[in-house]
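Asks:
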Amino acid sequence: MLAGREDEFSAAYSKAHTLLATTPGCRSVRMTRGVESPTRFVLLVEWDSVDAHLDNFRATDRFTQWRGLLGPFFNGAPTVEHFVDVPA
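Per full-length UniProt numbering, residue 1 is the first one in the sequence shown, and the count goes up by one each step.
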């Protein structure tokens, strides 16, 4: 995240959120912002599967639009990782 542009990024995320949240296979979307590190944002997206993320979002125009809205605020490529729940 480029320092000094956090509020602009948040406004762009408000516009981009729907692109992600309405993607088939997307269960939930949540963006958090660091208190101690206000230039750090974490996006947590729950998908039905990795394929839902890759096929229904990344391989579509939704991703192109998403990146167009948010990409200008990135300081380098964002880290994208997939996780699974750990049973208690």
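Note that the Cβ used here is the ideal one computed from N, Cα and C, for glycine as well. Please read all numbers here as calculations on a predicted model, not as lab measurements.
The beta strand (DSSP E) spanning residue 94 covers which residue range?
Replies: Residue 94 is absent from the structure shown; the chain starts at 1 and stops at 88.
Asks: When you compare each of 9, 53 and 57 to residue 83 by their alpha carbons, which one comes out closest?
Replies: The residue given as residue 83 occupies position 83 in the sequence shown. Residue 53 is the option with its Cα nearest to residue 83.
Asks: Per DSSP, what kind of secondary structure is residue 35 in: helix, strand or coil?
Replies: Taking the sequence shown and counting its residues from 1, the one referred to as residue 35 is at position 35. Note: residue 35 maps to coil in three-state DSSP.
Asks: For the alpha helix (DSSP H) containing residue 51, name the first residue and the last one.
Replies: Here residue 51 refers to the residue found at position 51 when the sequence shown is read from its first residue. Per DSSP, residue 51 belongs to the alpha helix (DSSP H) from 50-53.
Asks: Quick check: what's the CA-CA separation for residue 15 versus residue 71?
Replies: Here the question's residue 15 lines up with position 15 in the sequence shown. Here the question's residue 71 lines up with position 71 in the sequence shown. Between residue 15 and residue 71, the C-alpha separation is close to 13 angstroms.
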